[in-house]
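Peer 1: Residue numbers (my numbering): 45 to 463. Every residue gets a Cβ at the ideal spot worked out from N, C-alpha and C, and that includes glycine.
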């Protein structure tokens, strides 16, 4: 097992008169081993956090950027399912992000922790704790597969003022979608009275019968409480945070829900949601979140200089004809010469030939559309090529499988691990 000394945040301060000026040491883990089965076929060769988003980011870049922008000097990323694309991305895109030569990201695979595989989220964090030398005041455990901006310091302030043993970041979600999340029930002081992972019949929020309070998969723990909880879970053969660890913690400890809706980020423009968060765990959710990037007043802007998203590649910008390119995003190295592209996202290296027309489409990395092809409401997987002949043979868009919301799905052509 490789054991590494971990660095700590100095920007976050303790609360209390006696130690108000002492630095608060935060050890951060990012759970990035998810398969993303509901995103197939696009996750057959990628883990979910490695999927591209917008023009040139990966989904994991949002969680990592939030930690970095909050002053956490190092994040330990726990990998499992098809880790190579993420290992490559972290090594290339995140190398040197911190001035002075210190690396911000450390990747931990089961092999690095002397295990064949992690048996679940709790087992992954327990193994990660054994792989680092750390005397932490707080342990942060964050999910890697959501799109959002968050200032962790505000959650830490809430955690410290409540004198919590554990804090769960939570957000209201529509009741009809709440069964896909861990649902928390709280009292008036935000203390969690119950936690149920993906319930069949989720309970509504008090005073809000149309919504439930859902866990974001982001947690803060007192180190002694977390270590004891993980040891107990291992002894009982329990492996999952949501199903095993958190419900037991709620029974025995002071566990609180931090309302993410109160988190505020500088640089938010008019029209943006002030506490934007999206779970992009299905094809339709992945697509809808990218539509949120478009329009004259997008719900979520990628180009906020006061809270930047890191991880983009230093590649030449995309090229498109201004006359035919409307309300769309084009990633580095992408081209759309002489094509009509409307309300679409062209990820890095995508190519649209002259005379082609796209409307409400997503072209993933390296995908190519031949001139003359017309596509509407289609997501084209990485590396796939749609020629005019192939499009006609399939009867146009009708020849592809469709998502529940009607998005045509063109699978990726082959395994890719691009920079």
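Nearest to residue 92 by alpha carbon, out of 393, 99, 420 and 81?
Peer 2: If we check each option's Cα against that of residue 92, 81 comes out closest.
Peer 1: As an exercise, report each continuous alpha helix (DSSP H) stretch of at least 4 residues that is fully enclosed by the region 95-139, in chain order.
Peer 2: Correct list: 104-113 and 128-137.
Peer 1: Which whole runs of the beta strand (DSSP E) in the region 366-395 are 3 residues long or more, in chain order?
Peer 2: Runs found: 384-386.
Peer 1: Looking at the unbroken beta strand (DSSP E) that takes in residue 293, where does it start and where does it end?
Peer 2: That residue, residue 293, is in no beta strand (DSSP E); its alpha helix (DSSP H) goes 290-296.
Peer 1: Quick one, which of 451, 338, 192 and 124 has its alpha-carbon nearest residue 419's?
Peer 2: Comparing Cα-Cα distances from residue 419 to each of 451, 338, 192 and 124, the minimum goes to 451.
Peer 1: Taking the continuous alpha helix (DSSP H) assigned at residue 197, which residues delimit it?
Peer 2: 196-205 is the extent of the alpha helix (DSSP H) around residue 197.
Peer 1: What is the residue span of the alpha helix (DSSP H) that residue 267 lies within?
Peer 2: Segment 267-280, the alpha helix (DSSP H) holding residue 267.
Peer 1: What is the rounded straight-line gap between the Cα of residue 199 and the Cα of residue 390?
Peer 2: Looking at the two C-alpha atoms, the distance is approximately 35 Å.
Peer 1: Here's the rule I'm using: 16 or more other beta-carbon atoms within 10 Å means buried, otherwise exposed. How should residue 233 be labelled?
Peer 2: Residue 233 is exposed by the Cβ-count criterion.
Peer 1: What number of angstroms, rounded off, separates the C-alpha of residue 128 from the C-alpha of residue 149?
Peer 2: Those two C-alpha atoms are separated by around 15 Å.
Peer 1: Using only CA atoms, which one of 337, 224 and 118 lies nearest to residue 72?
Peer 2: Taking only the C-alpha atoms, the option nearest residue 72 is 118.
Peer 1: Helix, strand or coil: which one does DSSP assign to residue 470?
Peer 2: This structure leaves residue 470 out entirely; the chain is present only between 45 and 463.
Peer 1: Say whether the region 208-219 touches the region 304-315, bearing in mind that this needs 3 or more beta-carbon pairs closer than 8 Å, one atom from each stretch.
Peer 2: The answer is yes - the region 304-315 touches the region 208-219, with three or more Cβ pairs under 8 Å.
Peer 1: Here's the rule: buried if 16 or more other CB atoms are within 10 angstroms of the residue's CB, otherwise exposed. What is residue 96?
Peer 2: Buried.
Peer 1: Once DSSP output is grouped into helix, strand and coil, what is the label at residue 220?
Peer 2: Reduced to three states, the DSSP call for residue 220 is helix.
Peer 1: How would you call residue 341, buried or exposed, if buried means at least 16 neighbouring beta carbons within 10 angstroms?
Peer 2: The residue is exposed, with fewer than 16 neighbouring Cβ atoms inside 10 Å.
Peer 1: In the DSSP assignment, what are the bridge partners of residue 211?
Peer 2: Partner(s): 264 and 300.
Peer 1: Could you tell me whether the region 330-349 touches the region 239-246, using the rule of 3 or more Cβ pairs below 8 Å?
Peer 2: No contact exists between the region 330-349 and the region 239-246.
Peer 1: How is the beta strand (DSSP E) around residue 245 delimited, first residue to last?
Peer 2: Taken as a continuous stretch (DSSP letters only), residue 245 belongs to no beta strand (DSSP E), as it is neither H nor E.
Peer 1: Does residue 296 pass the burial test, meaning 16 or more other C-beta atoms within 10 Å, or should it be called exposed?
Peer 2: Label assigned to residue 296: exposed.
Peer 1: On the DSSP bridge list, what partners appear for residue 190?
Peer 2: Answer is 323.
Peer 1: Which of the three DSSP states, helix, strand or coil, is assigned to residue 233?
Peer 2: Note: residue 233 maps to coil in three-state DSSP.
Peer 1: I'd like the list of long-range same chain contacts for residue 55, defined as Cβ closer than 6 Å, with 5 residues on each side in sequence excluded.
Peer 2: Because residue 55 carries a pLDDT of 49, less than 50, the predicted location of this residue cannot be relied on, and no value is offered for it.
Peer 1: Is residue 480 helix, strand or coil by DSSP?
Peer 2: Absent from the structure is residue 480, since the part of the chain shown begins at 45 and ends at 463.
Peer 1: Measuring alpha carbon to alpha carbon, tell me which of 374, 379 and 325 ends up nearest residue 79.
Peer 2: Answer by Cα proximity: 325.
Peer 1: Distance check for residue 323 and residue 253, CA to CA, integer angstroms please.
Peer 2: Whole-angstrom Cα-Cα distance: 21 Å.
Peer 1: Just how far apart, CA to CA, sit residue 176 and residue 223?
Peer 2: So the alpha carbons of these two residues sit roughly 35 Å apart.
Peer 1: Under 8 Å by Cβ, that's how I've got residue 285 and residue 208 pegged, so tell me the actual separation to the nearest angstrom.
Peer 2: Their Cβ separation, rounded to whole angstroms, is 16 Å, which puts residue 285 and residue 208 out of contact at 8 Å.
Peer 1: If you compare alpha carbons, which of 449, 75 and 112 is closest to residue 329?
Peer 2: Taking only the C-alpha atoms, the option nearest residue 329 is 449.
Peer 1: Nearest to residue 352 by alpha carbon, out of 87, 107, 84 and 70?
Peer 2: The shortest C-alpha separation from residue 352 is found at 107.
Peer 1: For residue 185, which beta-bridge partners are listed by DSSP?
Peer 2: For residue 185, which the question treats as bridged, DSSP gives the partners 73 and 263.
Peer 1: DSSP three-state label for residue 455, please.
Peer 2: Of the three classes helix, strand and coil, the one that applies to residue 455 here is coil, per DSSP.
Peer 1: For residue 274 versus residue 169, is the C-beta distance shorter than 8 Å?
Peer 2: Contact flag set, yes.
Peer 1: Do residue 379 and residue 362 have their beta-carbon atoms positioned less than 8 Å apart in this structure?
Peer 2: Contact flag set, yes.
Peer 1: In angstroms with no decimal places, state the Cα-to-Cα distance between residue 65 and residue 314.
Peer 2: With a pLDDT of 47 at residue 65, under the threshold of 50, the modelled position of this residue cannot be trusted, and the question is left open.
Peer 1: Please name the residue, chosen from 397, 373 and 430, that lies closest to residue 404 on a Cα-to-Cα basis.
Peer 2: Nearest C-alpha to residue 404: 373.
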